[in-house]
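Undergrad: Can you read through this structure? Questions will come right after.
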Amino acid sequence: MTDRAAPVIGTRPVRHDGVDKVTGRASYGADLAMPDMLHGAVLRSPHAHARILSIDTRAAEAMPGVKAVITAADIPECFATVAMGELPMDMHDGSDNVIARTKVLYHGHVVAAVAATTVDAASEAARRIEVVYDKLKPVLGIDEAIAPDAPILHAGLTAGDWAGQAAGRPTNVASRMELKRGDLAQGFAAADTIVEHEFRTTMVHQGYIEPHACLARYGQDGRVSVWTSTQGPFLVRDQCAAILDIDAAKIKVTPSEIGGGFGGKIVVYLEPLAIALSRKANRPVKMVMSRDEVFRASGPTSGTVIRMKMGATRDGTLVAASASLWYEAGAYRGSPAGAGAMCCLASYKIPNFLIEAYDVVVNKPKVAAYRAPGSPMSTFATESLVDELARTLGMDPIELRLKNAVAEGDKAPYGPAYGPIGLQDVLRAAQRHPHWKAPLGKNQGRGVACGFWFNGGMGSSASVTLGADGSAAVVTGNPDIGGTRVAQAMMVAEELGIPVERVRASVADTDTAGYTDLTGGSRVCYATGMAVIRAARDVRDQLRGRAAKIWDVPIDAVGWDAGRAVPPNGRGDREALTVADLAAQLPKTGGPIVGHAALYAPAAGPGFAAHICDLEVDPETGGSRVVRYTAFQDVGRAVHAGYVEGQMQGGVAQGVGWALNEEYIYADDGVMQNAGFLDYRMPVASDLPMIETVMIEVANPLHPYGVRGVGEVPIVPPLAAVANAMRDATGVRFTELPLSPPRVLNGLEKSSA
Amino acid sequence: MAKVYLPADLSRHTGGVEILEIDAPRVRELQQALAARFPALAGEIERFAVAVDGEIYSDAPYHVLTSESEVYFIPRIAGG
Amino acid sequence: MSRLHIETTINGEPVEFLCEAQDSLLAALRDQAGLTGTKEGCTTGDCGACSVLLDGRLVPSCLVLAAEVQGRRVTTIEGIATGDRLHPLQQRFLEHAALQCGICTPGFIVAAKALLDANPHPTEEEARYWLAGNLCRCTGYDKIIRAVMAVAND
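Protein chains in written order, with this note's numbering: chain A, 26 to 778; chain B, 77 to 156; chain C, 42 to 195.
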């Protein structure tokens, strides 16, 4: 038993669900089976852009083992909007993405689905569905999409007022957004040095190792049960209700363990199909995506074209910045261009700027959120230019950043002043760290970059139940991707003064958990944690009430100290009562104790990070290797240090992959050429060194412990940290990612020519 | 009077007015007052998140305002 | 087409199952033998989530035909612990927080066991290269390697 006088927050207990995970007992989306279950398979469009002229499913329906075939005709056209927490989602687009109604908009777009007794029978039957298409020319990038004679994806998408003379005409540019401050012309006029580049990144995928999977059962009573791997069980419920026009109260979603999400398991793909098939076949239907399908037809993030210009005076003060951000939305509107615009200058005090951000539809899968959506790409541009400015001015790159770095009270580019934030602290920590001054070897270079993410708040519920033995159980509706259950158990242990081993944290389904917004947006430890703490405090107050009853004193006279109800002063005849003592007497003192909390947390605990990357480049092959990496981040308050470090290291690895190797490669016909892990090259263990993490804690005043979100910020700095290291190692400024060997070799050859 | 800051995408509809003072008990009445003064804002302003004294909310029409409140309208974004 | 009848040994126990000629060992383990601890990440042998030992040799079970295990010995994640005693690798993974979502963990533990069976005291570089066939998207590999090295150095 741990000594209860010692604080729990900041320790590193073994996670309670850990044994199941290391023994293979934990159940993920594809691990559940039901008696009588059918398997679902999907027919996907072979074309990147086409009109659907007809679909004939008769041959498929006649095949042995086939119990149901569906097309969009089986699902009502959807005009609903679903509140997704931070942004409402247009379900007309969402539903059309699940199964195409009149047009296919990307290679892999679902056209029909089959449920059969075996996976093979379902796939075979899907291949027998005859679809007649009218092929259209696909649009596969920003440049093509905005060209004057570009094929138009959506007939109803017309340019807004911002398009001037072209307003009202069909376009692939779904929206334009602008942020500005001061006077741009004056700002640049005052600059002694100006740098400007065009940056390009490609579509990349979150790369979660677990493909999407679900099992749905439509009961004869019209009640629907869905078991699925998701970041948001309530969002699955609400999206399916909207798409299928079913009362949400009739749908129960049970989240399985989830094998990675990073934002890609928020929007539904399979669940509505599985439910519709189950309804038609009158049996449960299981559907699992193949890896190929995950790449082609789930939700990667945007490729971008970013033109950015920055000006500084010779003492290193940033005076002006302008940027045009063009983000691919994929087949339907909704890229994170706006967030990219709001993040790219968030680290600096710049008195004059103008940023415009464009959301552009292209014939690729509809993009979904990917860890700090929008920020890595635009920050890549900013931090590369800041690096260039440092070189031009002969200034230390960290010193230049410190000179302009925001602090509490400075205004964010999107308006309000920052509360307490840790950017200057992380930059100073980086500057003081031995890594910054360590000698570099041959063909090695060093890059530094910083980054920002807002971190979300939103709604969460929690309940904490006390057992008769003095143990506690905490229940929320947030799937645990990164260790939030153990963090929640630690919070309850801290509040109640009981050992953390005596607290069980679990994730409940949409019928048994109070409503909670998704697991994502770096919000669970902050907002759901806040609800957990409040629910635990509710239990504690109720326990004080029970002690008051036992001692026959007013509740206000009962104190609380490290897991004990303490009698009022001068009552030496009464001994303090522990949680266990009180729990044993619950039936006598008023019955069970359950603590509740439900709240809506504001967003305002922004996160800043600074990373240092050492890269070794092989000039003969263009190949490169990260040889040392240190990540500095303001984490607010680390509840479980091990899992906070894990978030930092994981974000770094994804960012390094994005910078060096990951990209969606398309042929001219719009078919992805590298839809597998061999050629979509994510970092492996031999690609990376140990990733050192330095956590700085600047308490977030909105949270009782000072917690701020940590999960997303770490993916933001690596793109520029790596590119800046490449510049340092090779003398070449690369503005296009990934820095794969052929591109690097090409760049090296050009520069020596 | 709450001090209200409008981003570029809203000040486009106000003839460039970016900072205003509005007397309103809650965010909802503030939105209505703005739409009344600048009709082009109606339908637009509700699509923005709002930061009241540094706390950001996606959608908070009933958030109470004081005479010292600082209100920023901010584009809504989502995490992952 | 009639199915094949396979008799094999999984985690020390005799097991029989039926399968099609083209079924993978991965599918047979998960769907016929009820052993869902071995995971499917890609079915092309690139992610390592399906790692098992076949006669002690590390293989991706998605690239082994179910029929190939007739008369042979298979070890899956379910067979790594001894009764209720965790294997040191499992214990160290927990202590080092070497898992976040946990989907790659069974594959890593099986692969790491094969490493330590072949080379009880690998260097960090040897461990990283041996485990390069196992993808993890959550951890950046740092804590995984630390956990493996901790067992190696015990």
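All C-beta atoms in this analysis are idealised placements derived from N, C-alpha and C, irrespective of residue type, glycine included.
Treat the numbers as computed from the prediction; the structure is a model and nothing was measured.
1) Are at least three pairs of beta-carbons, each pair with one atom in the stretch 751 to 767 of chain A and one in the stretch 451 to 471 of chain A, less than 8 Å apart?
2) Taking beta-carbon pairs under 8 Å, can you tell me which members of the stretch 370 to 400 of chain A lie near chain B?
3) Enumerate, from N- to C-terminal direction, the unbroken alpha helix (DSSP H) stretches of 4 or more residues contained entirely within the stretch 223 to 294 of chain A.
4) For Ser134(B), tell me which candidate among Gly482(A), Ile100(A), Ala622(A) has the shortest Cα-Cα distance.
5) Only counting runs of 3 or more residues, tell me where the beta strand (DSSP E) segments fall wholly within the stretch 47 to 113 of chain A, in order along the chain.
6) By the 8 Å beta-carbon criterion, what residues does the stretch 261 to 285 of chain A contribute toward chain C?
7) Hey, out of Gln108(B), Arg88(B), Tyr81(B), whose CA is closest to Pro137(B)'s CA?
8) Show which residues of chain B have a CB atom less than 7 Å away from the CB atom of Lys729(A).
9) Provide the residue span of the beta strand (DSSP E) that contains Pro55(C), from first to last.
10) So with CB distances below 8 Å, who are the chain C contacts of Phe702(A)?
11) Can you round the beta-carbon distance between Ala533(A) and Gly484(A) to whole angstroms, since I take them to be within the 8 Å contact cut?
12) Given that Ile558(A) touches chain C, what residues does it touch there, using C-beta distances under 7 Å?
13) Relative to the alpha-carbon of Tyr243(A), which residue among His230(A), Val220(A), Leu269(A), Ser254(A) has its alpha-carbon at the smallest distance?
14) Taking only beta-carbon atoms, is Phe149(B) less than 9 Å away from chain F?
15) Would you say the stretch 714 to 723 of chain A touches the stretch 644 to 660 of chain A, given that touching needs at least three Cβ pairs under 8 Å?
16) Would you please state the rounded distance, in angstroms, between the beta carbons of Leu240(A) and Met62(A)? I believe it to be under 8 Å.
17) May I have the straight-line CA-CA distance separating Thr27(A) from Pro445(A), to the nearest angstrom?
18) Since Lys311(A) sits in a beta bridge, which residues does DSSP pair it with?
19) Any contact between the stretch 277 to 288 of chain A and the stretch 253 to 260 of chain A? By contact I mean 3 or more CB pairs, one from each, below 8 Å.
20) To which residues of the same chain is Pro714(A) closer than 8 Å at the C-beta, ignoring the five residues directly before and after it?
21) Hey, how far is the Cα of Pro422(A) from the Cα of Ala678(A)?
22) Cα separation between Gly667(A) and Leu602(A)?
23) Do you know how far the Cα of Ile291(A) is from the Cα of Ala455(A)?
24) Report all residues from its chain with a CB closer than 6 Å to the CB of Leu50(C); omit the five preceding and five following residues, and keep chain order.
25) Tell me where the alpha helix (DSSP H) around Asp85(B) begins and ends.
26) Taking buried to mean at least 16 other C-beta atoms within 10 Å of its own C-beta, is Ile121(B) buried or exposed?
27) Starting from Ile51(C), find everything on chain A with Cβ-Cβ shorter than 9 Å and list it in chain order.
28) Can you tell me whether DSSP reads Pro173(A) as helix, strand or coil?
29) Please state whether the Cβ-Cβ distance between Arg510(A) and Ala518(A) is less than 9 Å.
30) Excluding the five sequence neighbours on either side, which residues of its own chain have a C-beta within less than 6 Å of the C-beta of Leu298(A), listed in chain order?
31) In the structure shown, what three-state DSSP assignment does Tyr540(A) receive?
32) Quick one: is Glu144(B) near chain A, going by C-beta distance under 9 Å?
33) Taking all protein chains shown into account, do 16 or more other C-beta atoms lie within 10 angstroms of the C-beta of Thr84(C), making it buried, or fewer, making it exposed?
34) To which residues of the same chain is Phe759(A) closer than 8 Å at the C-beta, ignoring the five residues directly before and after it?
35) Cβ-heavy atom distance between Asp263(A) and the ligand ZN below 8 Å?
36) So with CB distances below 7 Å, who are the chain B contacts of Lys205(A)?
TA: Looking at the coordinates:
1) yes
2) Ala393, Ala394, Tyr395, Arg396, Ala397, Pro398, Gly399
3) 258 to 269
4) Gly482(A)
5) 63 to 69, 75 to 81, 91 to 96, 106 to 108
6) Glu282, Ile283, Gly284, Gly285
7) Gln108(B)
8) Per the sequence shown, residue 729(A) should be read as Pro rather than Lys. Per Cβ cutoff of 7 Å: no residues; Pro729(A) is ~15 Å from chain B at best.
9) 54 to 60
10) Gly82, Cys83, Thr85, Asp87, Cys88, Leu176
11) The Cβ separation is near 16 Å, so there is no contact.
12) The premise fails here: Ile558(A) is roughly 22 Å from chain C at the closest Cβ pair, so nothing lies under 7 Å.
13) Leu269(A)
14) Here the protein chains are A, B and C, and chain F is not one of them.
15) yes
16) 7 Å
17) Confidence in Thr27(A) is poor, its pLDDT being 37 and thus under 50, which makes the residue's placement unreliable; the coordinate value appears in the next sentence. Their backbone Cα atoms lie some 34 Å apart in a straight line.
18) His64(A), Leu240(A)
19) yes
20) Val651, Val652, Arg653, Tyr654
21) 23 Å
22) 34 Å
23) 35 Å
24) The amino acid at residue 50(C) is misidentified as Leu; the sequence shows Thr. Excluding residues within five positions, the ones whose Cβ falls inside 6 Å are Arg114.
25) 84 to 87
26) buried
27) Neighbours of Ile51(C) on chain A: none; closest Cβ ~13 Å, over 9 Å.
28) coil
29) no
30) Ala138
31) coil
32) no
33) buried
34) Ala748, Met751, Arg752, Arg768, Val769, Gly772
35) This structure simply doesn't include the ligand ZN, nor any ligand for that matter.
36) Ala84
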